[in-house]
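Here my numbering is used: position 156 in the sequence shown is 162, and no number is missing along the way.
Ideal placement from N, C-alpha and C gives every residue a C-beta, glycine not left out.
Reading through the C-alpha cells given below for one structure.
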Amino acid sequence: MTDNENIDDDGLELKSKTQIKREVEALQHLGKLLLEVPDAVYKSFPIPAELDSALQETRRIKSNQALKRQYQYIGKVMRRIDAEPIQQAYDDYKNGRKKLAREFQRLEEVRDQLITGDQDALNQVIAEFPAVDIQQLRQLIRAAQQEKKLNKPPKNYRKLFQVLKSLKEESI
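Structure (C-alpha cells):
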C-alpha cells in the first residue's frame, strides 16, 4: 500500500474505521479519567460548558448501562471540541503527582538513612537545608531510633518525616 492510497482528492489524509474508533475510544477514556480528578484540580482545566455539564451528569448516574451511554456521549462531545488542551492539562496534573510521589519516596529514604545512623545522610540534609534546626533533628533521630529499638508506635518516625517534608516545602 502506498502513501497515495491514504490521501483523498482534496489532499486530506483518509482515516480507516479502526483509526477513527481508536481516537473515539481515547477521547472516551480521557473523559473517564477527568471524572477521577479532584474537583479543585478539575476546575482549573480548560473544559467547555457542554463537556462540563456532561461530566457533572455522569457523576450522578449509578446505572451501568446509563454510564456506558453517557461515556459515549462524552466521547461525542469531545470529538466536537479541541481536546488537546484538556489532554495537556490532564498530563500536567498526572506528571505533577508522579513528581510529588518521587519526592516523598526520596524523603522517606533520607529519613530511613537518618534513623539507621548514616552520618552522610545527616550531612546531606544539613547542606541541602541550611535553615534546619540541627539539635531538633538529632533529637528526633534519636527518639525514632529508640522507638524502633523498643517496638513502640512510630510517632517520632512520622514527625521526622514531617520535619523533612516542611524543610523541602520551605526550600521551594
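If you draw a straight line from the Cα of LEU39 to the Cα of GLN125, it is about 44 Å long.
At least 8 Å separates the beta-carbon of LEU106 from that of LYS171. Taking the C-beta atoms as reference points, ILE121 is found nearer than 8 Å to GLN151. Comparing alpha-carbon positions, the option among GLN71, LYS158 and ILE140 lying closest to LEU173 turns out to be ILE140. Here the alpha carbon of ASP118 sits roughly 37 Å from the alpha carbon of SER50.
Per DSSP, the continuous alpha helix (DSSP H) segment holding LYS105 begins and ends at 90-121. Distance from the CA of PHE135 to the CA of GLU176, rounded to the nearest whole angstrom, comes to 9 Å. Classified as exposed, ALA55 has fewer than 16 neighbouring CB atoms from the shown chains inside 10 Å of its CB. A Cβ-Cβ distance of about 7 Å is found for the pair GLY37 and LEU61, placing them in contact under the 8 Å criterion.
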